[in-house]
Structure formats: structure tokens, C-alpha cells
Amino acid sequence: MIWKEKYNVGNVLIDNQHKELFYRVTTFVETLRSKTAWDEKVEKVNETLDFMKVYVVNHFHDEEEYQRKVGYPQLNEHCKVHSEMVEYVVAISEQYEKEGCKEELLQQFGGKLLAWLINHVVAEDQKIAEYVRRKEKSI
Ligand SMILES: [Fe+2]
Ligand SMILES: [Fe+2]
Numbered sequence: 000m001i002w003k004e005k006y007n008v009g010n011v012l013i014d015n016q017h018k019e020l021f022y023r024v025t026t027f028v029e030t031l032r033s034k035t036a037w038d039e040k041v042e043k044v045n046e047t048l049d050f051m052k053v054y055v056v057n058h059f060h061d062e063e064e065y066q067r068k069v070g071y072p073q074l075n076e077h078c079k080v081h082s083e084m085v086e087y088v089v090a091i092s093e094q095y096e097k098e099g100c101k102e103e104l105l106q107q108f109g110g111k112l113l114a115w116l117i118n119h120v121v122a123e124d125q126k127i128a129e130y131v132r133r134k135e136k137s138i
């Protein structure tokens with residue numbers, strides 16, 4: 000999935016974080032699908048998991064702060080979805096540490112991250128931008 004300008008929510012920090020996520024997830028999924036040596040795939044999984052563990056904490060914190068700042072009415076529901084994703088990243092890391100790197104786990108992780116871009120970043124996060132646009136118009 001390629002980042003498009005229309006995915007911007009209008010806050011530079013949040014938009015840069017989303018862009019970085021798009022880049023990370025896309026290169027991760029490409030590596031999984033490629034004929035790259037298994038060791039390289041494992042390296043990419045390590046890199047992506049390490050990135051995600053930090054990203055979900057920092058990005059969700061910043062995005063929730065932004066929602067609070069603009070008075071986004073669906074903040075609580077949105078935070079709940081973020082928490083579920085944090086739990087998922089913790090769970091997949093634990094599974095990875097216990098079972099090691101298995102094809103099935105990689106596919107599941109890649110699928111989940113792609114779905115996150117489509118269902119969350121491009122859909123749910125966009126609702127914040129729509130809310131801000133509506134609010135600015137009504138002033
Ligand atoms: Fe986001
Ligand atoms: Fe979000």
C-alpha cells in the first residue's frame with residue numbers, strides 16, 4: 000500500500016507517523032512475499048516487531064492527545080481500538096519469543112498490519128480529520 004496525500008489528517012506529527020507506518024508495513028509485507036532468504040525475513044520480522052512495540056505506544060499517545068486537543072467526540076471508542084492493537088502487538092511478540100519464527104506467525108502478523116492500515120489509518124483516523132474540517136466550517 001502506497002501512502003497518498005489524501006490520507007493526511009492535517010497534523011504534521013501524526014501524518015509523519017502514519018507515513019512511516021505505511022513504509023514499514025509495506026516493506027515488511029514485500030519481504031514476506033519475496034523469495035528472500037529465510038534469515039533475511041527473520042531479520043525483517045525482528046526489526047518490524049521492535050518498531051511496532053515502540054510505535055504503538057508513541058503514536059497512539061500522540062494521536063489521542065491530538066484528539067483531546069480538538070475535542071474529538073469518539074475519543075473513548077478510538078482509544079479502545081488502540082488498546083486492542085497494543086494488546087495484539089504484545090501477544091504476537093510473546094508468541095514469537097515462545098515459538099520462534101514460523102511462517103504462519105509471519106503471515107498472520109503481516110495480514111494484521113495491512114488490515115490496520117486499511118481499516119484504521121485510512122478509515123478510523125480519517126474521521127478525526129473529517130471532524131476537524133466540519134468544526135472549522137461551522138465556526
Ligand atoms: Fe493513527
Ligand atoms: Fe488511531
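Going by numbering that gives the first Met the number 0, the sequence shown opens with residue 0, and the numbers climb by one from there. Glycine included, every Cβ here is placed at the ideal spot set by N, Cα and C.
CB of residue i within 7 Å of CB of residue j, strictly
{"i": "residue 44", "j": "residue 78", "result": "no"}
{"i": "residue 20", "j": "residue 92", "result": "no"}
{"i": "residue 8", "j": "residue 138", "result": "no"}
{"i": "residue 116", "j": "residue 56", "result": "no"}
{"i": "residue 17", "j": "residue 85", "result": "no"}
{"i": "residue 53", "j": "residue 109", "result": "no"}
Cα-Cα separation, residue i to residue j
{"i": "residue 80", "j": "residue 41", "result": "28 Å"}
{"i": "residue 0", "j": "residue 136", "result": "31 Å"}
{"i": "residue 122", "j": "residue 134", "result": "19 Å"}
{"i": "residue 89", "j": "residue 35", "result": "27 Å"}
{"i": "residue 60", "j": "residue 98", "result": "30 Å"}
{"i": "residue 102", "j": "residue 70", "result": "43 Å"}
{"i": "residue 107", "j": "residue 68", "result": "35 Å"}
Delimiting residues of the alpha helix (DSSP H) encompassing residue i
{"i": "residue 122", "result": "Segment: none, residue 122 is in no alpha helix (DSSP H) and carries neither H nor E."}
{"i": "residue 111", "result": "102-115"}
Any non-hydrogen atom of ligand 4 within 6 Å of residue i CB
{"i": "residue 62", "result": "Annotation note on ligand 4: not contained in the displayed structure, which lists ligand 1 and ligand 2 as its ligands."}
Taking only runs of the beta strand (DSSP E) that begin and end inside the region 22-84, which ones reach a length of at least 3 residues, in chain order?
-> none
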